[in-house]
Amino acid sequence: MNFRIGHGYDIHRLVPGRPLVLGGVTFDTDYGLDGHSDADCLTHALCDAILGAAGLPDIGIFFPNTDPAFKNINSQKLLQRVVAEVTKLGYDLVNADLTIIAEKPKIATHLTAMKAALAQSTGLLSDEIGLKATTNEGVGDLGRGLAIAAHAVVLLSKK
Ligand code: MG
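Counted the way the numbering used here counts, the sequence shown spans residues 1012 to 1170.
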């Protein structure tokens, strides 16, 4: 068995008047993440971890933010395409471990729904996805609630 580890990181600014989508779940807030797509930084970090594990270019290359086809796109669609890309190369996803860094909103009550959405898009089981949220303890721009960031680590295997 050939194992490959990948890491992904993403950050998007919080702005008024955009829907807040994280891990495929829309939160009930009057602010959201700014970006060309739905700006779901958690899903983007996961995409980059999967692509990185397979030695492929990052999602900015696969889905350029200058392409109108990706304007406000649901990032679960991007994730599904990324999984299809590595599946084509013969890889299986083994597990993913994800961390959200957000001063606001409260994330904990949405973790189960986010895991379910990400499981659906990746084909992983819910218990093969680790998902947790932390604050930045008030430090820096993340700590002031100006942005939300996410880290992802994945393991791929190939027979
Ligand atoms: Mg992004």
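No residue lacks a Cβ here, since even glycine has one placed at the ideal position from N, Cα and C. Every value quoted in this text rests on a predicted model; they were computed, and no experiment measured them.
message = Along the chain, where does the alpha helix (DSSP H) containing Thr1054 start, and where does it finish?
response = Judged by DSSP secondary structure, Thr1054 falls within the alpha helix (DSSP H) whose first and last residues are Cys1052 to Ala1064.
key: Beta-carbon contacts of Ser1137 that lie in its chain and below 6 Å, excluding the five residues immediately before and after   = Lys1126 and Ala1130
ask   = Sorry if obvious, but does the Cβ on Asp1059 come closer than 6 Å to a heavy atom of ligand 2?
value = What this structure holds is ligand 1, not ligand 2.
inquiry  = Comparing C-alpha positions only, which one of Gly1066, Lys1115 and Leu1135 sits nearest to Gly1149?
reply    = Comparing Cα-Cα distances from Gly1149 to each of Gly1066, Lys1115 and Leu1135, the minimum goes to Lys1115.
task = Identify the continuous alpha helix (DSSP H) that holds Arg1092 and give its terminal residues.
result = Residues Ser1086 to Lys1099.
Proximity to Ile1084 [Cα-Cα], best of Ala1050, Asn1106 and Tyr1102 = Ala1050
query = For ligand 1, any of its heavy atoms closer than 6 Å to the Cβ of His1162?
reply = no
inquiry  = Does Thr1145 come out as helix, strand or coil in the three-state DSSP assignment?
reply    = strand
Beta bridge counterpart(s) of Asp1182 as assigned by DSSP = No answer is possible for residue 1182: it lies beyond the span of the chain, which begins at 1012 and ends at 1170.
ask   = What first and last residue would you give for the beta strand (DSSP E) that runs through Pro1126?
value = First, the residue type needs correcting, since residue 1126 is Lys and not Pro in the sequence shown. Unbroken run through Lys1126 is the alpha helix (DSSP H), Leu1122 to Thr1133; no beta strand (DSSP E).
message = Quick check on the burial criterion: 16 or more other C-beta atoms within 10 angstroms. Buried or exposed for Phe1081?
response = buried
inquiry  = Residues in the same chain with beta-carbon distance under 6 Å from Ser1168, minus the five sequence neighbours each way, listed in chain order, please.
reply    = Met1012, Phe1014, Asp1103 and Val1105
Beta-carbon contacts of Ser1132 that lie in its chain and below 6 Å, excluding the five residues immediately before and after = Gln1087, Leu1090 and Gln1091
task = Measure from the alpha carbon of Ile1016 to the alpha carbon of each residue in Ala1160, Val1097 and Leu1157, then state which is nearest.
result = Val1097
message = Under 6 Å: does the beta carbon of Asp1021 sit that close to some heavy atom of ligand 1?
response = yes
message = Using the Cβ count rule (16 or more neighbours within 10 Å means buried), how would you classify Ile1072?
response = exposed
ask   = How about Ile1112 and Ala1163: do their beta carbons lie closer than 7 Å?
value = no
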